[in-house]
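> To get my numbering, take the position in the sequence shown, counting from 1, and add 272.
Structure incoming, see below.
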Amino acid sequence: MAKQHKFTVTAARGMLPLLADELKQLGIKNTKQDQGNIRFTGTLAEAYTVCLWSRVAIRVLLPIAHLRAETPEQLYEGINALPWEDHINELDSTIAVDFNSFRSKIKHTQYGAQRVKDAIVDRFRTLFGQRPSVDLYQPDVRINVYLKHNQATVSIDLSGESLHKRGYRVSNTAAPLKEHLAAAILLSAEWPKLARQGWALIDPMCGSGTFLIEAAMIAADIAPGILRDYYGFSFWKQHDKELWKQLKADAERRRQSGLARCPVIVGGDADASAVEAAKNNIAEAGLSDRVHVNQRDLLEWPRLAAELPKVGLFVCNPPYGERIGRTDELHYLYESLGNIINESFAGWRTALITDNAQLGKFTGLTLFDTVPFDNGPIACDVLFYRAPRPVRTNEFGASPTQFVDEEQEDQEQAPVQMTEQGAMFANRLKKNKKHLAKWARKSEISCYRVYDADLPDYALAIDVYDDHIHVQEYAPPKQIDPEKAVERLQEAMQIIPEVFEVPVTHVALKVRKKQRGKEQYEAQAAKHQRIEVRENGLRFWVNLTDYLDTGLFLDHRDTRQLVRELAKGKDFLNLFSYTGSASVYAAAGQAKSTSSVDMSNTYLAWAEDNMKLNGFVGDQHQYIRANCIEWLEQAIEDDKRYGLIFLDPPTFSNSSRMEGVFDIQRDHVSLIKHAGRLLTADGELIFSTNRRDFDLDTDALAQFVIDDISTTTIPRDFERNKKIHRCWRIKPGI
């Protein structure tokens, strides 16, 4: 078991509830809230995770000692006695000391810091004949001493410098919004949930772009600390480099995957220099393809409303009378904001930060919450307003328009700089693409697999979906250096859009892993950006970003075609129907009726949409929400019969909507027997599974005639992976 430590995480005024929620989401349980901080007991991995992933924390401290310090001499002696050589390297190290005092006899913080520094330096001089030097900017080890009621808590500052410094701010404007404050406002406005639902975001007074960047990082699941090249533990003697390397690699993988789920985020400013600063910062954050900014006056935004989604978050940091603008003139600005939102963005919520909450009344919008935050030395309030006329959206509403930056629309993408291995990967992609594209056109197929871990260094599955590309990364083996694996992934994600000649926004990445329970049914986002694809003359909706799977299992293409060939005049049952693609094929094969059974309303609605897309409507097509196992038992009691059944269950499920745990290897005999009892005398069951080590128990199923058709149902584009699925035709015995 990993060693447990006590840590202290600090936050600014008003942000402790947000920090507490963050720690909970990061899986940190043993927490205790104090004034200005939250303490927790956990592992070094958890402390590193807070440094990397917290959007509102300021510092992460590791207390190493508590000592009495009523006098400077007592402080010196206590600090000098601590084993600093366990934390600071003996040679060529640098340190810095932060000292704060509360109701203690040592009141002068600069003097207190000096005595702490002297005590550490003198210990090293005595032990090793040399001393660490002072670096106030980025020391190897930063020491934090907090003296309260003459009791000193001595800590190693693992953050090194304030965590609000993300590493993307290369250009500034007057009175910039701090990064952690922008994140706190967005979190308070429920932006993570809204972004997952596909809402857009506008900042019409974006300044240096802080709101826009923080919003994109939240929406795209980008760790706020991923760009930082310095932390307080970077040169700390007890730093676990391999652990940190793995955490960074995992974060980079999540970033690459999350970028495809980033909703529409746009900004503007009347000041050309602010727009330039914003663009520089956005580029430094690696978000130029996802966040668009242009110079425009506030009154120009209504013209753009038609190009944007109907729902979104309108967020901005208007000028304060304290620093910018005159207070007696600002009410006109707030009135204009309110008019624009009310008339052109009526389905949008609004969040404004101001040092004068009374100005908010001039917007004419309906206030539903106020949260106090400090913007630097200025006490401010964040005003949250309801949408003037809320828009009701459903799961499969119209896709939001992809906003295009006028200045970037005609820009060509810079050629990718490839390594030798990258060039090999690009060449393999080009070869596979050329080989399969002609076959796909002849077969009326617009979605197919073009690459499946052909080269060991690029463990990816790459599928074409019309003019979009879906990329899945197989989890790399533990023996592979995580940084090297991420470098390969980053390179691949640059090469793929170039080879397929598509925008980077048309490439979606997911990491494949074993899914447990209801994970397979949970949305990763909810952009609702479906695209239509063709397969064997039929049409299907797919969604490349919102779920772990796209809605169409490409390796079952030939199996679905078999369903079409067998379905004529038969009642067809599709168990665990997912998005109903097999039902579409059955209907196309002139099935007498189709029944699609699944326990997910989302997928049943999707199945019905797929059927309607192909013109298959009417009471003969049923969509049944039920636990398939329970439904089978009731169907047997009701003496239902089907001439053709398609059975493609999950390999494992412990969904909250099911009782107990389903395991395909353990439970397949019972499942097939139950389904078999619903077959007509001349009926047929097609059973398939993607579990690679699956072993069909033919002895226990001796009552059936079983034909293994696995080889003949592997499509041409999956020939490189013969074990992608197993499939059998099962008929009642004579």
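Built from N, CA and C at the ideal position, the CB exists for glycine as well.
These figures come from a predicted structure and were not determined experimentally.
If the criterion is Cβ atoms closer than 8 angstroms, does the pair Asp-738 and Ile-803 meet it?
Contact flag set, yes.
> Can you tell which of Ile-717, Arg-387, Gln-402 has the C-alpha that lies nearest to the C-alpha of Asn-1038?
Residue numbering for the chain in the displayed model covers 273 to 1006; residue 1038 lies beyond these limits and cannot be assessed.
> Looking at Asn-846: is its Cβ nearer than 8 angstroms to the Cβ of Phe-918?
The answer is yes: Cβ separation under 8 angstroms.
> Within its chain, find whatever has a CB closer than 6 angstroms to the CB of Thr-425; leave out the 5 residues flanking it on each side and keep chain order.
Excluding sequence neighbours, Thr-425 sits near Pro-335, His-338, Tyr-418.
> With contact counted as at least three CB pairs below 8 angstroms, one residue from each stretch, are the region 559-574 and the region 523-530 in contact?
They do not touch, by the three-pair rule.
> With DSSP collapsed to three states, give me the class of Ala-283.
Strand, per DSSP.
> Go through its chain and collect everything with a Cβ distance to Arg-811's Cβ below 7 angstroms, but skip five positions before and after it.
Answer for Arg-811: Glu-804, Leu-885, Asn-886, listed in chain order.
> Does the structure place the region 532-548 close enough to the region 567-582 that three or more beta carbon pairs sit under 8 angstroms?
Yes, the region 567-582 is in contact with the region 532-548.
> With a cut-off of 8 angstroms on the beta carbons, I'd call Leu-1007 and Leu-515 a contact; round off their distance for me.
Any property of residue 1007 remains undetermined from this structure, which presents the chain solely from 273 to 1006.
> Excluding five sequence neighbours on each side, which residues of the same chain lie with their C-beta closer than 6 angstroms to the C-beta of Ala-733?
Same-chain partners within the cutoff: Asp-724, Gln-744.
> Cα-Cα, which of His-359, Ser-855, Phe-825 is closest to Glu-837?
Cα-wise, what sits closest to Glu-837 is Ser-855.
> Output yes or no for whether 8 angstroms exceeds the beta carbon distance between Ile-613 and Thr-626.
Contact flag unset, no.
> Among residues of its own chain, excluding the 5 on either side of Ile-474, which ones have a beta-carbon nearer than 6 angstroms to its beta-carbon?
If we look at Ile-474 and ignore the five residues flanking it on each side, its Cβ neighbours are Val-538, Phe-586.
> Pop quiz: Ser-431 and Gly-504 are said to be a contact at Cβ under 8 angstroms. What is the actual Cβ separation, rounded to whole angstroms?
Between Gly-504 and Ser-431 the Cβ distance is about 5 angstroms, and since that is below 8 angstroms, they are a contact.
> Lys-437 by DSSP, collapsed to three states: which one?
DSSP places Lys-437 in coil when its eight states are reduced to three.
> With H, G and I counted as helix, E and B as strand and the rest as coil, what does DSSP make of Gln-796?
Note that Gln-796 scores a pLDDT of 48, beneath 50, so its modelled location is shaky and nothing firm can be said.
> Helix or strand or just coil, what does DSSP make of Gly-809?
Three-state DSSP puts Gly-809 in coil, outside helix and strand.
> Please give the ranges of any beta strand (DSSP E) in the region 536-613, keeping only runs that are unbroken, at least 3 residues long and fully inside the region.
Here the runs fully enclosed are 537-541, 563-567, 584-588.
> In whole angstroms, what is the alpha-carbon distance linking Pro-327 and Ala-877?
Checking the sequence shown, residue 327 turns out to be Arg, not Pro. Distance between the alpha carbons of Arg-327 and Ala-877: 36 angstroms.
> Closest to Asp-891 by CA distance: which of Gln-766, Ile-996, Ser-868 is it?
Among Gln-766, Ile-996, Ser-868, the Cα nearest to that of Asp-891 belongs to Ser-868.
> Ordered along the chain, which non-local residues of its own chain (more than five positions away) have a Cβ less than 7 angstroms from that of Glu-807?
Closer than 7 angstroms at Cβ, skipping near neighbours: Ile-717, Cys-719, Arg-829.
> Please state whether the Cβ-Cβ distance between Asp-412 and Ile-360 is less than 8 angstroms.
Closer than 8 angstroms, so yes.
> Could you check where the alpha helix (DSSP H) with Glu-349 kicks off and where it finishes?
Counting along the chain, the alpha helix (DSSP H) containing Glu-349 begins and ends at 344-352.
> Would you list the one or two residues that DSSP bridges to Ser-865?
Looking at the DSSP assignment, Ser-865 forms a beta bridge with Asp-843.
> Give me the Cα-Cα distance between Ile-351 and Leu-295, rounded to the nearest whole angstrom.
Approximately 31 angstroms between the Cα atoms of the pair.
> Mark Phe-640 as exposed unless 16 or more other C-beta atoms lie within 10 angstroms of its C-beta, in which case mark it buried.
So Phe-640 ends up on the exposed side.
> Between Arg-832 and the rest of its own chain, which residues show a CB-CB distance below 7 angstroms, the 5 nearest in sequence each way excluded?
Answer for Arg-832: Ser-853, Ala-854, Tyr-857, listed in chain order.
> Does the distance from the CB of Trp-620 to the CB of Val-643 come in under 8 angstroms?
The answer is no: Cβ separation not under 8 angstroms.
> What is the C-beta distance between Ala-953 and Pro-987, in whole angstroms, given that I count them as a contact (C-beta under 8 angstroms)?
Between Pro-987 and Ala-953 the Cβ distance is about 32 angstroms, and since that is not below 8 angstroms, they are no contact.
> At a cut of 8 angstroms, does the region 401-409 reach the region 452-469 through at least three beta carbon pairs?
The region 401-409 is not in contact with the region 452-469.
> Using the C-alpha atoms, what's the distance from Ala-860 back to Asp-653?
One C-alpha to the other measures close to 60 angstroms.
> Does any residue of chain D have a CB that is nearer than 8 angstroms to the CB of Ile-625?
Considering every chain present, this structure includes no chain D. It has just one protein chain.
> Any idea if Arg-595 is buried or exposed, counting beta-carbon neighbours within 10 angstroms, 16 or more meaning buried?
Interpretation of Arg-595 is limited by its pLDDT of 45, a score under 50 that renders its predicted location unreliable; the figure taken from the coordinates is listed afterwards. The residue in question, Arg-595, is exposed, as its Cβ has fewer than 16 Cβ neighbours within 10 Å.
> How far does the beta strand (DSSP E) with Phe-645 in it extend, from its first residue to its last?
Per DSSP, Phe-645 belongs to the beta strand (DSSP E) from 639-647.
> Judging by CA-CA distance, which residue of Arg-500, Gln-423, Ala-972, Ala-712 is the nearest neighbour of His-436?
When each option's Cα is compared against that of His-436, the closest is Arg-500.
> Assuming Leu-950 and Tyr-895 form a contact by the criterion Cβ under 8 angstroms, report the distance between their Cβ atoms to the nearest whole angstrom.
Not a contact, Cβ separation roughly 18 angstroms.
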